[in-house]
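Colleague:
Residue numbers (the numbering used here): 3 to 127.
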């Protein structure tokens, strides 16, 4: 019986993982901002390798990269929900969309600042 329960859990996990991969695939295929952020993330990862940043610096950089990507995904979700609920642009819908875009901007600015703090000493050396 324990084996059957474990198999059910694994199947449930596999289904959840498939949905998550489908969502990520959609974002990569259809969202221009997400595509641009993936390109920037790859450039940052290449710079991490080139400049041989420390493990702790890598952790910080990966956290801010993931933070920006997660905020972009949340922004996309909120935009889709707002479009479904209010197809005509209502002033509140516009505010919601602007606030979500601002959250992506703020997380991106933080990522840039942290990136500069980490990379400038490596570049200057």
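Think of the CB as a built atom: it goes at the ideal place given N, C-alpha and C, for glycine as much as any other residue.
These numbers were taken from a predicted model, which means no experiment stands behind them.
1. Can the beta-carbon of residue 28 be found closer than 8 Å to that of residue 121?
2. With DSSP collapsed to three states, give me the class of residue 54.
3. Can you check which of these residues, 55, 25, 63 and 14, is closest to residue 43 by C-alpha distance?
4. Helix, strand or coil for residue 34? Go by DSSP, reduced to three states.
5. Give the range of the alpha helix (DSSP H) segment to which residue 91 is assigned.
6. Please report the straight-line C-alpha distance between residue 65 and residue 96, rounded to a whole angstrom.
7. Under the three-state reduction of DSSP, which class applies to residue 127: helix, strand or coil?
Modeller: Per the coordinate set shown:
1. Their beta carbons are not under 8 Å apart, which means residue 28 does not touch residue 121 by this criterion.
2. In the three-state reduction of the DSSP assignment, residue 54 falls in the coil class.
3. 63
4. helix
5. Note, residue 91: premise wrong, no alpha helix (DSSP H); not H, not E.
6. Pairing residue 65 with residue 96, the inter-Cα distance amounts to about 29 Å.
7. coil
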